[in-house]
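Encoded as structure tokens, the structure appears first; notes follow it.
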Amino acid sequence: MDLMPSAEQDEITTTVASFLAARLPATAHASVFVTPGPEIDPVVFRECAELGWLSLGLPEALGGVGYGLAEEVMLFRELGRGLAPGGFLPAVLGARVAAFAGQRELAASIVAGEVLVALATRDRVGADDVSVLHAAEATLLVVCDAAGAALYSLADCTLTPIDPVDGSIRAARGALGGATVASVSSEIDPVFVRGLVLCAAMQAGSAEAQRDLGVAYAGVREQFGKPIGANQAIKHRCADMAVRAEGAFAQVCYAATAADGGADRFVDEAVIAKYFADEAARLNGEACVQIHGAIGFTTETLPHRHVWRAHTLARALAVRAALLDHLVPRT
Amino acid sequence: MDLMPSAEQDEITTTVASFLAARLPATAHASVFVTPGPEIDPVVFRECAELGWLSLGLPEALGGVGYGLAEEVMLFRELGRGLAPGGFLPAVLGARVAAFAGQRELAASIVAGEVLVALATRDRVGADDVSVLHAAEATLLVVCDAAGAALYSLADCTLTPIDPVDGSIRAARGALGGATVASVSSEIDPVFVRGLVLCAAMQAGSAEAQRDLGVAYAGVREQFGKPIGANQAIKHRCADMAVRAEGAFAQVCYAATAADGGADRFVDEAVIAKYFADEAARLNGEACVQIHGAIGFTTETLPHRHVWRAHTLARALAVRAALLDHLVPRT
Amino acid sequence: MDLTFTQEELDFREEVRTWLHENVPKEARPHGDRPDSREFDLAWQKAQYDGGWAGISWPADFGGRGLSTIQQLIWYEEYALADAPWIGACFVGINHGGPTLIARASDEQKSFHLPKILKGEVVWCQGFSEPGAGSDLAAIRTRGVIDGDELVVNGQKIWTSFANMAEYQELLIRTGDEQRHKGLTWVICDMRTPGITVRPISTMDRGAEFCEVFYDDVRIPLTNVVGQVGDGWSVAMSTLSLERGTGFMADILHATRTIDELIEECRHRRGPDGRPVLHDDEYARRLAAAKAEITVLRSITYRSISRNIRTGMPGPEGSMLRLQYGDLVMGLSRLAIEILGPDALAYVDRFRAGGWTGNWLRAFAAGFGGGTLEIQRNIIGERVLGLPRG
Amino acid sequence: MDLTFTQEELDFREEVRTWLHENVPKEARPHGDRPDSREFDLAWQKAQYDGGWAGISWPADFGGRGLSTIQQLIWYEEYALADAPWIGACFVGINHGGPTLIARASDEQKSFHLPKILKGEVVWCQGFSEPGAGSDLAAIRTRGVIDGDELVVNGQKIWTSFANMAEYQELLIRTGDEQRHKGLTWVICDMRTPGITVRPISTMDRGAEFCEVFYDDVRIPLTNVVGQVGDGWSVAMSTLSLERGTGFMADILHATRTIDELIEECRHRRGPDGRPVLHDDEYARRLAAAKAEITVLRSITYRSISRNIRTGMPGPEGSMLRLQYGDLVMGLSRLAIEILGPDALAYVDRFRAGGWTGNWLRAFAAGFGGGTLEIQRNIIGERVLGLPRG
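As they're listed, the protein sequences go chains Z, U, W and F. Quick note on the working numbering: the first sequence kicks off at 1 and runs consecutively. Quick note on the working numbering: the second sequence kicks off at 332 and runs consecutively. Quick note on the working numbering: the third sequence kicks off at 663 and runs consecutively. Quick note on the working numbering: the fourth sequence kicks off at 1053 and runs consecutively.
Now the structure itself:
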């Protein structure tokens, strides 16, 4: 039993963080509500693909790097921390659907960053109405739930773009349409559950980033002649942020490791990871803006972008009520 | 429009508070879990009756003092603040049932403090299973809900005493039995709604007492060379207590005055008063114990007795979920 | 205790209701604090002036309506019930700058400025906060040096709402060498004076009402000083609270309305499990709790106004109300966007129907507007409850 | 990252489970901290000793089991799953006094005391807190004056759990004139020494384990001093955390079990509207949230133990765990008594089945046990996050 990352896993963190800082800095999109141009530079996205980011957890036999979910969460935590744009999550999930459905070529073009995938979440259990993230340049759409996962052709779906709260993600609403391009049941590959854990990893990274932004500001900003972080009201808020960030990432690690080890209850663990990380990212976002005061309400600092992002990811795959209802069903 | 007490109403506060301090001091029952002997000295209870406490809000034509609910809440706030023992609430409600049902003699003996009344709360909507407070020396039992109110003979009911959390109130569980001794519908007199407001007034008084105990301790108790109240964590807790106490009593005043003025929506106002005052008393109790630290956990200070009492009164007449469900019905 | 209104007050309510019903603008206020929102705000102020409703809390001597406290309360209640617009760019002139002039300005200053404010001819902004002097105003560093009959001002202000569309500013500057509260001066600054640069700051709710204002050798006539040079702190603290807390009732009734709309919405809107949201016990109770909380806030406000009428002094409830209201609007907008589910992915500005996400993003400002909630708690702890300073 | 256990560890788990299954007392621990609870606690300690399980975290050199950290974790997990009793009166000896002796005592002191503690022959209590020196231990005023080969002690201690049934006390007193942390001495006090008066303090959950202890010319041999005279602060701080956080897993699993029981209970128990409580969305979700929170706490603990194994040092998570656990048990017991409705009018002690009210009242102590939650937040803010002191 060891729930700390291995040296190899820590190495993923370092590599991803330095790539993001150099090529996709979070500050690049400050002060605009909707990022102009494509959501992510396709050249940079393909570079990420070449680094193996889209196939990290795919078995080698299916054309992937062959790592586990534990390694993938190290990547996605950094994507969340760094507010990375781009449809990394649907690409990883979509590639699994294609690969496990036996469509090796499709999977290969997804993990190469050539075919872009959007992420669809059903508006209600069983509904064809969906909310879609990373919709603009994608040609495929992945949708998944507890039963299984499927790829659709975006051209067959009826989607209307929306003006998103998080302007760095192209979003749309609409309905699924046409036949599935590929599909797998959750017994063959638990795409949905893996998606929950990866999405939770992004939220955990965001919760950590908000903690760090809040603590840094509280340590330098002075009022009444001393740093505001010396006041208990601010200090305790920072402590609560630290507790939530630690909890979110610890649970993500547990859920990922449980899934890799084939543990019985890894579905519950994943559900808890998504629920807790969503809450941690939301609450740390609120706390971080408040610690910053008026400047935190402006687009000149980073906290608000984490608020937008956390809000958006909390609506991906499964929302709070659905997650809790899974844990304690009514019957 | 004037929501502050009149000079006459303030006079009630002063009179009641000094009587309680002299004859029923809250400190009398410290350090015991279950008060020995009768719940309240019958002589003292009859003195209170002679002062008109049990008939303050009963119309003069029915043998009462003829004040409104606004005057009664001034009395019950002090009873709550002072942790007074005794079945004041069921006596007041029971006397109304008898009086409005035309049983003038019974009403007279209740308001004289000769016949004691217990307070029953149905365990579920429409159930005959009840929880009973002030059960020990009573011969009658009053039960009320949105439809109406009734008096039962305690001898006809099947009650089993329980070991109560609040040892200063004799409690029992059981079932109603026998015919009603008297009853009134809520159109004739809204006994239940008045009960909610009076119970809320006691909780508001308790919330105020907890605020004052907490603030007093925070101002004198020193740690690391300064009063603990100088720390924001404690100071802000005190501020939150003050806000809750102010809200609880303001709402009690509004509900009482609305009832006296025959306002349309006074039922909702009363329901909100009970809900908010229950919460204020509970939360201020928790905060006050925490401010006191270890000493607050002992029976050597007063906070814990307010915790017990607030817990008990929150279960009288209607609980949180039922109150909220009244405000926003499902259909 | 008494909740009844006199016949005269009831008649007044009827008069107010009728006028508002006929005159409240039908179109929504434009969001984004662009010129069209300025025009909208000034036009609505002018309409109130023409209707005889400008400055309802201002004394009649200065062109206001000089209404009684109860009449003010009735006005604001009806204002909210009629869904009349947010005061917007007219806020500082009507509720802060104007009342300060009434308290401390010379007759010339009053007769020049007060009518313009009431008639909706000018926008005022506030120049108090600075980088490093937000909650702590005594740390102000923007300097004014007397040169002949002028003050020469250099420095920077921040969080100046509507500076980008204002004609005048209530400007607090340091003119002496003393520390902290001493050596400050309160002066009327014409925003068209050379040397002033305004930079709007965009906010997370896509607004731009907050501005930075830079002063580079800005020359202001000494005749614009209100009170004496060096007496600025006293002038700033003397701003009359003409409303006696009645204005807060409009915010409360607006929030009450929002909750009722949300409850209606939940009768039909379906949650992730397909049921109407109102059939979900958790959401129904959270809505009920919000309804209870706003109702209690109403009661506190009534008590506060009643106390104010009796004593003539604002009570300790001001900070309590601010604190509770701040918590409540944050909680309420959070509840709304949770209920909205996938619909909350889209941004809708707060002045449009269904502008829940705009409202939610705006609520992040409730935590620091008018002093942070922490500072409100300090004030309650120290000034109301008498606890020692930290 | 890896959640698997070795075959050896799995075998060990089996061994532990079997032994606990056969040896855990069937009857409930008596509440109220009367002599029968002392007998119960010592008998259970002796049973563990006889079974070879005493001092599972103590080094083998001192009679303990010297288990690896993972084995300790397994022990505590199985301990909780077997519903084995609360350690009660043996807490200080096993988890605090004993480990301090191991770290700093002389060989004579160790060989006299450690076996008695492990065998369940004696109860130890802690004499640190004083009125005015609770969270701030450096303010200790109880005095010890050297007289020949004895210390003569005068003063008072408070919050001394189980002092009314203890043979020994780890006593921290002021022996020098220096201020604050200097001039303190850590000494073993025999509670049967003349001049000691113990007064139990009754608590809101009807317990009486907290005591006041008064010292009136109490003579303690200098040979009982652990470390040097004047070196008490260093001795007190050197208490070995032998468990490396594994003991906390027992509390977590106990709380997990409590939540699962409550969920089961809610399948049948009816709420005020007659429906089973579990059909009520609000309560079902609050239960689910509690389940999620305790699960997360488990994950933090696993990570903390893993870090501890790698670095050999306790990480920053100790305060975080305490903070979250304190909040969680308070919230959980509050939820339980709300669900209980009218049944919660009755007091049922926490060691009996259905002892929810006893548990709830006990939870009020979670806010200050082991330092207030405020102090935990200060520690996280200052030591973990590096924020400045207030």
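All residues carry an ideal CB built from backbone N, CA and C; glycine is no exception.
Query raised in the report: Does DSSP put U:P521 in a helix, a strand or coil?
Result: Indexing the second sequence from 1 puts residue 521 of chain U at position 190. Taken through DSSP and simplified to helix, strand or coil, U:P521 comes out as coil.
Query raised in the report: Who are the Cβ neighbours of U:T643 in its own chain at under 8 angstroms, not counting the five residues just before and after it?
Result: By one-based count along the second sequence, residue 643 of chain U stands at place 312. Only residues of its own chain outside the window of five on either side were considered, and among them L464, P495, V496, D497, I500 and A502 have a CB closer than 8 angstroms to the CB of U:T643, listed in chain order.
Requested in this report: Kindly list, in the order they appear in chain Z, the residues whose Cβ is closer than 7 angstroms to that of U:Q563.
Outcome: Counting from one through the second sequence, the residue named residue 563 of chain U turns up at place 232. The answer, in chain order, is N231, Q232 and A233.
Report task. Say whether the stretch 133-142 of chain Z touches the stretch 1011-1018 of chain W, bearing in mind that this needs 3 or more beta-carbon pairs closer than 8 angstroms, one atom from each stretch. Result -> Contact check between the stretch 133-142 of chain Z and the stretch 1011-1018 of chain W: fewer than three CB pairs, one atom from each, fall below 8 angstroms, which does not count as touching.
Query raised in the report: Per DSSP, what kind of secondary structure is U:E391 in: helix, strand or coil?
Result: Reading the second sequence from its first residue, position 60 is the one you call residue 391 of chain U. DSSP places U:E391 in helix when its eight states are reduced to three.
Query raised in the report: Is there at least one Cβ from chain W nearer than 8 angstroms to Z:E11's Cβ?
Result: On the first sequence, position 11 is the one that residue 11 of chain Z refers to. Not one chain W Cβ lies under 8 angstroms of Z:E11.
Report task. Find the nearest neighbour of Z:R122 within the set Z:V328, Z:V252, Z:A322 and Z:R330, judged by alpha-carbon distance. Result -> Within the first sequence, residue 122 of chain Z is the residue found at index 122, counting from 1. Its Cα nearest to that of Z:R122, the residue Z:A322 stands out among Z:V328, Z:V252, Z:A322 and Z:R330.
Query raised in the report: Beta-carbon of W:M663 versus every beta-carbon of chain U: anything under 8 angstroms?
Result: By 1-based counting over the third sequence, the position of residue 663 of chain W is 1. Yes, W:M663 counts as interfacial toward chain U.
Requested in this report: Compare the C-beta of F:F1403 with all C-beta atoms of chain U and state if any pair is closer than 8 angstroms.
Outcome: Counting from one through the fourth sequence, the residue named residue 1403 of chain F turns up at place 351. Taking a beta-carbon distance threshold of 8 angstroms, F:F1403 does not count as an interface residue toward chain U.
Query raised in the report: Does the beta carbon of F:C1177 fall short of 7 angstroms from some heavy atom of the ligand NAD?
Result: This structure simply doesn't include the ligand NAD, nor any ligand for that matter.
Query raised in the report: Given that Z:A84 touches chain F, what residues does it touch there, using C-beta distances under 9 angstroms?
Result: By 1-based counting over the first sequence, the position of residue 84 of chain Z is 84. Within 9 angstroms Cβ-Cβ: nothing; Z:A84 doesn't reach chain F, min ~23 angstroms.
Query - Same chain only: Cβ atoms within 8 angstroms of U:C379, ignoring 5 sequence neighbours per side - result: If you number the second sequence from 1, residue 379 of chain U lands on position 48. Cβ within range, chain order: F350, L385, G417, F419 and G444.
Query raised in the report: Looking only at its own chain, which residues have a Cβ that is under 8 angstroms from the Cβ of F:S1254, when we skip the five neighbours before and after it?
Result: Taking the first residue of the fourth sequence as position 1, residue 1254 of chain F is located at position 202. Once the five neighbours on either side are set aside, the close Cβ partners of F:S1254 are A1260.
Query raised in the report: Relative to chain W, which residues along the stretch 1313-1341 of chain F have a C-beta separation below 7 angstroms, given in chain order?
Result: Cβ contacts with chain W come from D1332, D1333, E1334 and R1337.
Query raised in the report: Where does F:T1363 land, buried or exposed, given buried means 16+ other C-beta within 10 angstroms?
Result: Looking up residue 1363 of chain F in the fourth sequence gives position 311. F:T1363 is exposed by the Cβ-count criterion.
**Report entry** Closest Cα partner of F:K1078 within the set F:R1337, F:R1414, F:A1141 and F:P1137
**Finding:** Within the fourth sequence, the letter at position 26 stands for residue 1078 of chain F. Ranking F:R1337, F:R1414, F:A1141 and F:P1137 by Cα distance to F:K1078 puts F:P1137 first.
Query raised in the report: When burial is assigned at 16 or more other CB atoms within 10 Å of the CB, is Z:G262 buried or exposed?
Result: As a first step, residue 262 of chain Z must be located in the first sequence, where it is residue number 262. Burial is judged here by how many other beta carbons sit within 10 angstroms of a residue's own beta carbon; Z:G262 has fewer than 16 and is exposed.
Query raised in the report: Near F:F1057, what residues of its chain come up, given a Cβ to Cβ distance below 8 angstroms and the 5 sequence neighbours on each side ignored?
Result: Position 5 of the fourth sequence holds residue 1057 of chain F. Only R1065, I1122 and I1126 meet the Cβ criterion.
Query raised in the report: Got a sec, what are the start and stop residues for the beta strand (DSSP E) F:K1171 sits in?
Result: Walking along the fourth sequence from the start, residue 1171 of chain F turns up at place 119. Following the DSSP letters along the chain, one finds F:K1171 in no beta strand (DSSP E), marked with neither H nor E.
Requested in this report: Would you kindly work out how many angstroms separate the C-alpha atoms of Z:A175 and Z:T158, rounded to a whole number?
Outcome: Looking up residue 175 of chain Z in the first sequence gives position 175. Looking up residue 158 of chain Z in the first sequence gives position 158. In this structure, the straight-line span from the alpha carbon of Z:A175 to that of Z:T158 is close to 5 angstroms.
Requested in this report: Using only alpha-carbon positions, find the residue among U:G457, U:L472 and U:A438 that is nearest to U:L450.
Outcome: Walking along the second sequence from the start, residue 450 of chain U turns up at place 119. The candidate whose alpha carbon is nearest that of U:L450 is U:L472.
Query raised in the report: Would W:V814 pass as a contact of W:R881 if the rule is Cβ separation under 8 angstroms?
Result: Looking up residue 814 of chain W in the third sequence gives position 152. Looking up residue 881 of chain W in the third sequence gives position 219. For the 8 angstroms CB-CB criterion, W:V814 and W:R881 form a contact.
Query raised in the report: With distances taken between CB atoms, is the gap from W:S719 to W:A751 smaller than 8 angstroms?
Result: As a position in the third sequence, residue 719 of chain W is number 57, starting the count at 1. As a position in the third sequence, residue 751 of chain W is number 89, starting the count at 1. Against a cut-off of 8 angstroms, the Cβ pair of W:A751 and W:S719 comes out as no contact.
Report task. Out of F:A1099, F:V1076, F:G1442 and F:T1070, state which residue places its alpha-carbon closest to the alpha-carbon of Z:Q232. Result -> Numbered from 1 along the first sequence, position 232 holds the residue referred to as residue 232 of chain Z. Of F:A1099, F:V1076, F:G1442 and F:T1070, the smallest CA-CA separation from Z:Q232 is found for F:G1442.
Query - chain F residues whose Cβ lies nearer than 7 angstroms to that of W:G755 - result: Residue numbering aside, residue 755 of chain W sits at position 93 when the third sequence is read from its first letter. Among the residues of chain F, none has a CB under 7 angstroms from the CB of W:G755; the nearest is roughly 40 angstroms distant.
Report task. Assuming Z:F192 contacts Z:A146 (C-beta within less than 8 angstroms), just tell me the rounded distance between them. Result -> Position 192 of the first sequence, counted from the first residue, corresponds to residue 192 of chain Z. Position 146 of the first sequence, counted from the first residue, corresponds to residue 146 of chain Z. Indeed they touch by this definition, with Cβ atoms about 6 angstroms apart.
Query raised in the report: What does a CB cutoff of less than 7 angstroms around Z:R315 pick up in its chain, not counting 5 residues either side in sequence?
Result: The sequence position of residue 315 of chain Z within the first sequence is 315, counting from 1. Cβ within range, chain order: T121 and S131.
Query raised in the report: Which residues mark the beginning and the end of the beta strand (DSSP E) in which W:I971 is found?
Result: If you number the third sequence from 1, residue 971 of chain W lands on position 309. Per DSSP, W:I971 lies in no beta strand (DSSP E) segment; the continuous alpha helix (DSSP H) that holds it begins and ends at D943 to T973.
Report task. Name, going along the chain, the residues of the stretch 1356-1381 of chain F whose beta-carbon falls closer than 7 angstroms to a beta-carbon of chain U. Result -> Hits within the stretch: zero.
Query raised in the report: Who does F:I1248 pair with in a DSSP beta bridge?
Result: Taking the first residue of the fourth sequence as 1, we reach residue 1248 of chain F at position 196. Per DSSP, F:Y1267.
Query raised in the report: Quick one: is Z:Q223 buried, meaning 16 or more other Cβ sit within 10 Å of its Cβ, or exposed?
Result: Numbered from its first residue, the first sequence carries residue 223 of chain Z at position 223. Burial call: buried.
**Report entry** Those runs of the beta strand (DSSP E) which lie wholly inside the stretch 1262-1328 of chain F and span at least 3 residues
**Finding:** Within the stretch 1262-1328 of chain F, the complete beta strand (DSSP E) runs of at least 3 residues are 1263-1273.
Query raised in the report: With 16 as the cutoff for other CB atoms within 10 Å, does U:A590 come out buried or exposed?
Result: Walking along the second sequence from the start, residue 590 of chain U turns up at place 259. Classification for U:A590: buried.
Report task. Verify the CB distance criterion: does F:G1442 have a CB-CB separation below 8 angstroms to chain W? Result -> In the fourth sequence, counting from the first residue as 1, residue 1442 of chain F sits at position 390. Yes, F:G1442 counts as interfacial toward chain W.
Query raised in the report: Looking at the unbroken alpha helix (DSSP H) that takes in F:I1154, where does it start and where does it end?
Result: Residue 1154 of chain F sits at position 102 when you count from the first residue of the fourth sequence. G1150 to R1156 is the span of the alpha helix (DSSP H), which, as asked, contains F:I1154.
Query raised in the report: Closest Cβ-Cβ distance between W:D806 and chain U: below 8 angstroms?
Result: Taking the first residue of the third sequence as 1, we reach residue 806 of chain W at position 144. Asp is not the amino acid found at residue 806 of chain W; the sequence shown has Gly there. Not an interface residue.
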